[in-house]
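The numbering of the sequence shown is our numbering, which starts it at 22 and goes up by one. Just so you know, even glycine gets a beta-carbon here, dropped at the ideal spot from N, CA and C. As the structure is a prediction and not an experimental result, all values here were calculated from the model. Let me begin by presenting the structure, written as structure tokens, before commenting on it.
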Amino acid sequence: MQQNGVRTGYFLSISLLLSSILYFFASNWPLMVREQKIGVSVAILVLFYLLSYGLRFIKRHSFLSNWLLVAGGLAFGTSVALLGQIYNSHADSYMLFVVWLIPNLLFAIFTRYQPFYVISYVLAHLAIYFFLHPSVIHVAREDEWWFMIFWLIALGNMVLFWLTSTGKWHSKPIYYLSFLTFSLSLFGSSFTEVYGPLPELLYVLTGGILFVTFLKWVPSRGLLIVTASLLALFVLANFISYMVQYFSESFFVFMLLLTVLIVWGAVAGINWLRKESAHQKSKWVVFFQEAFTVLVTTIAASIGATSIAGLLFLIIQDEVVIDLLFFLSLIGFIGPVVFMSRMNTTVRYTLLTMGYLLGVGSILFLEGAYWIVFLLVLLYVWKAVSAIPARLLTQLTFLVVLATKLDEYLPSFEYVLVIIFATQMGMHYVKQLPVVLQNSSLVYALLSLLILTEKSFQSGSMDVVVNLAFFAVSTYLLYRTLHQQNRVRFGIVLGFWFAFLLMKYYDMLWSLLHKSLSLLLLSLVFFVATLWWDRRAKIEWPKSEPSLFVRKALVLLPVILLQFALIGYQVWSSETILANGKTVKLELVPIDPRSLLQGDYVRLGYTISALDQEQVDSGDKIRVVLRQQANGLHSYSGYYERNGQWNRAYEPQPSDVIINGSTIGGNRVEYGIESYFVPEGTGLEVERNAKYAIVKIGGRGDAILESLTNQ
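Below is the structure:
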């Protein structure tokens, strides 16, 4: 236990330090010039790797050397992001993640250390995401292109899943991540409007094969539930689409009949399986029942509840239908579940879910004590139906109704969140409850407290108190669950702990610089406290394998040097353009967002971004000729070179400057100068005042945005 506590302390200290570094550079502190920022980022990188190298001699703490090596790989990403901020490269550019990926992927290949596998996987998919969805520009692409991309991503992840599932590559995290990404990519492909019904048919066919595979051939409860849930979501999404198109009484009647047919078919299928199976409690039979219950309940209950509500509204066309739906939910659906204990499981959960959906939907529009009656009914159901799935559903429904209605009576929603936190945390400590319900209560308690940290209080001191309360509670629970050796609860709390750090990045009530200093202080506190505990406890550490630096020093050193070479090349190439490039003045129109890694920036649009009446495909490299006008501004001259060919005969003029860009569809071009990073909180001022951009263009056409001006 003490060993895990010490490890956790060091882990939290390193995590807080990395967060502090990220927040500091994202703040774009104006008192530091670019040379100082680059120097500090390189010094931090050197420090991490030197500490990792030095700690290799402390055999009992070889894990610390490995963790600091990983921290160095992550810190390299902040250095690359900082260079993008300094030289105004694209915010969250996919190339940022590609460059970040290179050394981490090499680390993963050479060390086979699981954290590097996960980091490389995440960075690769972030690069793909920002290539497909640039944060600064909008790229027009056809549905055929999206369909192909979805399937390429799915197939790539299918290969990774196959490698990890067959043991050819040992990585449990990649095993689950690749399957999840594969499933989501296929799910996304089913909604592309190409080739008629082919995308939907391919998804249903693939989903069906996966369902059978994880059901019988390669039993896996988790993967089976994921597959079943996405199939259910697919059916519901298509139901909503058809409902919008064919909104009528006959449509809802047909959907009700379909609901009955789905439930009947599921019950008949499970009963047949029980009779045919020689061992009713065999693993795959249990999986089948669980997966089918989730699938059928989700689909049938949602379709059925929506169809009943829609049909009654069309027939009655009066507000009394809301009262009717409320009593129908109690008498027609929830009542039979409570008083007919021998009801089939699938039918029971379908009726219960339909009753809850209709009840919650009607409660939102009813005034008076209806909601109190409904909550009392839910409490009775909780007591009468002891099955875990039913109680989980009842708990969620109770909290939704309670939060919605209390918000109407209490002065603010903050009081509601405090009540939910207190009640759910109390339930978490009720030992008589099943473990699953204790864990769900913990999730709701931490979720309500996390949401509370995002609320704006009239008193600034209250904001500080709430945020400190969450940090203190979550940190206490981390160590408590660690002491209990409860991996599930520890994972839940750790997830919320990191979610808090991420969400504070976007909290505008507190500057990034102040957050950075606070996180640095907390990091030091955790480190000192853990070091004191480590030395005082005199823990007997088991013999562990040598650190990565001991075993792989010769291959790690070139990868580390590569990182400094990449940073040096970027600095040299950018400084060369700033020193020797031609200066042009461009007209612009800004917008103000915040980057994921690089802080606040102004998004810029240029007059030269439109090629007049031209229409070009997206994804091509293009060289555009800018020509100086009488007012000193450079504008599009009407000439460009794409794929080695000029659009028309071009004769250079003395004032001409050629700039490199990429086509993004229609007549639009992006040049890599669409982001201008500013100190935190100054974006609106820049937006109001900036009218022109001063850009340096190198001899090869590469551009760097130097400054903004209003004249």
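When only Cα atoms are considered, I472 and K536 end up about 18 Å apart. CA-to-CA, the gap between V623 and F698 works out to about 6 Å.
For K642, the enclosing beta strand (DSSP E) covers residues 642 to 649. Every alpha helix (DSSP H) of 4 residues or more that sits fully in the segment 28 to 98 is shown, in chain order, as 55 to 75.
In the displayed model, A670 falls within coil according to three-state DSSP, outside both helix and strand.
Here DSSP, grouped into helix, strand and coil, assigns A258 to helix. With 16 or more neighbouring CB atoms inside 10 Å of its own CB, V487 falls in the buried class.
Unbroken alpha helix (DSSP H) runs of no fewer than 4 residues, entirely contained in the segment 501 to 529, are found at 508 to 526, following chain order. The Cβ atoms of G686 and S639 lie closer than 7 Å to each other. If you ignore the 5 residues before and after V464, its C-beta comes within less than 7 Å of the C-beta of I513, all in its own chain and listed in chain order. Counting only the Cα atoms, A145 lies some 18 Å from T185. Look at D484 here: in three-state DSSP terms it is helix. The three-state reading of DSSP puts D621 in strand, counting E and B together. Separation of Y267 and E221 (C-alpha to C-alpha, rounded to the nearest whole angstrom) is 19 Å.
Non-local C-beta neighbours of I42 in its own chain, meaning closer than 8 Å and more than five positions away in sequence, comprise I65, A96, T99, S537, ordered along the chain.
The beta carbons of L277 and S328 sit closer together than 7 Å. K193 counts as exposed, since fewer than 16 other C-beta atoms from the protein chains shown sit within 10 angstroms of its C-beta. Assignment of beta-bridge partners to R663 by DSSP yields I643, Q666. Apart from sequence neighbours up to five positions away, the residues of its chain that approach L104 with a beta-carbon distance below 6 Å are Q591, ordered along the chain.
The count of Cβ pairs closer than 8 Å, one atom from the segment 76 to 90 and one from the segment 114 to 127, stays below three, leaving the stretches out of contact.
The C-beta of N109 has 16 or more other C-beta atoms within 10 Å across all chains shown, which makes the residue buried.
Nearest to A129 by C-alpha distance, out of V101, L90, I158, is L90. Under DSSP, G682 shares a beta bridge with I643. Taking the Cα positions, V247 is about 32 Å away from Y497. The residue from S199, S156, W172, G94 with its alpha-carbon nearest to that of Y142 is S199.
Residue nearest to I718 within the set R510, L126, E596, S480 is E596 (criterion: CA-CA distance). Annotation for S206: F171, W172, I174, A175, N178 place their beta carbon closer than 8 Å to its own, counting only its chain and skipping 5 residues before and after. When beta bridges are read from the DSSP output, F698 appears opposite Y622.
At the C-beta level, A651 and Y692 stay beyond 7 Å of one another.
Secondary structure at I158: coil, using DSSP grouped into helix, strand and coil. In the DSSP assignment, K404 falls within the unbroken alpha helix (DSSP H) covering 391 to 405. Judged by beta-carbon spacing, R663 lies within the 7 Å limit of D641, meaning their Cβ atoms are closer than that value. Of K58, F84, Y31, H159, the smallest CA-CA separation from S565 is found for F84. In the three-state reduction of the DSSP assignment, H146 falls in the helix class, which pools H, G and I. Setting aside the 5 residues that flank it on each side, L470 is surrounded in the same chain by F442, F491, each with a C-beta closer than 6 Å to its C-beta; the list follows chain order. Nearest to Y526 by alpha-carbon distance, out of A47, V549, F347, R510, is A47.
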